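Visitor: Below is a structure I'd like to ask you about.
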Ligand SMILES: [Zn+2]
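In full-length UniProt numbering, the protein residues as written are 1 to 188.
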């Protein structure tokens, strides 16, 4: 029996290698209950990177708090249905579920109906996100595509790539990083 348990544990860990298997869910970070809308076309064709231009978070507890703070700000101050982003990531690298897969976000007017919006906590004008946040986000793009949550021919861009937005988001340091990623398109 012990051998079986060890083997089963190994088997589970062998298949639980992607960030898609380890998403911090809405209930885990203490999300409010909201009413969300599906994007008109599934799966979405793009993945758009943002920064929050606010505080970073270095622990799971701190990132949980950040998610709740941003959600409260977006609902209470901006009057949005929920946190604007589909997903977020902090310094530890775990992916956070915002509106989630397939839901229409409020992150860039030209992208909301066709792209997942993904935020990095912090101001990344001159400081890069952590290596964990960067590498997990790239792996997340791949596993989301492999599971059918992004179209096979998807593009990757940033908030600056939205022609309807006039913004410095996601900051020059993060912009330079994303511009090196596979499938990057400056203005999709
Ligand atoms: Zn943005």
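Glycine included, each C-beta is placed from N, C-alpha and C at the ideal position. Since we're looking at a predicted model, the values are computed, not measured.
May I have all residues whose beta carbon comes closer than 5 Å to any heavy atom of ligand 1, sorted in chain order?
Guide: Every residue passing the under-5 Å Cβ criterion appears here: 50, 159, 169.
Visitor: Does DSSP classify residue 116 as helix, strand or coil?
Guide: Strand.
Visitor: Kindly indicate the opening and closing residues of the beta strand (DSSP E) around residue 48.
Guide: Residues 46-51.
Visitor: Mind checking residue 160: buried by the 16 CB within 10 Å criterion, or exposed?
Guide: Buried, by the Cβ-count rule.
Visitor: Pick from 60, 178, 42, 83: whose alpha carbon is nearest that of residue 135?
Guide: The option with the nearest alpha carbon to residue 135 is 178.
Visitor: Quick check for students: name the residue ranges of the alpha helix (DSSP H) that lie wholly in the UniProt domain "N-acetylmuramoyl-L-alanine amidase" (34-171), counting only runs of 4 or more.
Guide: Within the UniProt domain "N-acetylmuramoyl-L-alanine amidase" (34-171), the complete alpha helix (DSSP H) runs of at least 4 residues are 60-76, 131-146.
Visitor: Given that a residue counts as buried once 16 or more other Cβ atoms are within 10 Å of its Cβ, and exposed if not, what is residue 52?
Guide: Label assigned to residue 52: buried.
Visitor: Going straight from the alpha carbon of residue 48 to that of residue 22, what length do you get?
Guide: Each residue's Cα considered, the two are about 21 Å apart.
Visitor: Excluding the five sequence neighbours on either side, which residues of its own chain have a C-beta within less than 7 Å of the C-beta of residue 87, listed in chain order?
Guide: Same-chain partners within the cutoff: 95, 96, 97, 98, 116, 118.
Visitor: Would you mind working out which of 72, 184, 154, 120 sits nearest residue 33, comparing C-alpha positions?
Guide: Answer by Cα proximity: 72.
Visitor: Once you ignore the five residues that flank residue 169 on each side, which residues in its own chain have a CB closer than 8 Å to its CB?
Guide: Once the five neighbours on either side are set aside, the close Cβ partners of residue 169 are 50, 51, 53, 158, 159, 160.
Visitor: Only counting the same chain, and skipping five residues up and downstream in sequence, which positions put a Cβ closer than 7 Å to that of residue 1?
Guide: Summary for residue 1: the model assigns pLDDT 49, below 50, so the residue's position carries little reliability, and this model does not support an answer.
Visitor: Taking all protein chains shown into account, decide if residue 19 is buried (16 or more other Cβ within 10 angstroms of its Cβ) or exposed.
Guide: Per the 10 Å Cβ criterion, buried.
Visitor: Could you check if residue 144 is buried or exposed, using at least 16 other CB atoms within 10 Å of its CB as the buried criterion?
Guide: Answer is buried; the Cβ neighbour count reaches 16.
Visitor: Please classify residue 162 as buried or exposed, where buried requires at least 16 neighbouring CB atoms within 10 angstroms.
Guide: Its Cβ being crowded by 16 or more others within 10 Å, residue 162 is buried.
Visitor: For residue 38, does the count of other Cβ atoms within 10 angstroms reach 16, so buried, or fall short, so exposed?
Guide: When all chains shown are included, residue 38 counts as exposed.
Visitor: Around the C-beta of residue 174, are 16 or more other C-beta atoms found within 10 angstroms, so that it is buried, or is it exposed?
Guide: Buried, by the Cβ-count rule.
Visitor: Taking C-beta to C-beta, are residue 40 and residue 151 nearer than 8 Å?
Guide: No, they are not a contact pair.
Visitor: Quick check on the burial criterion: 16 or more other C-beta atoms within 10 angstroms. Buried or exposed for residue 156?
Guide: Residue 156 is buried by the Cβ-count criterion.
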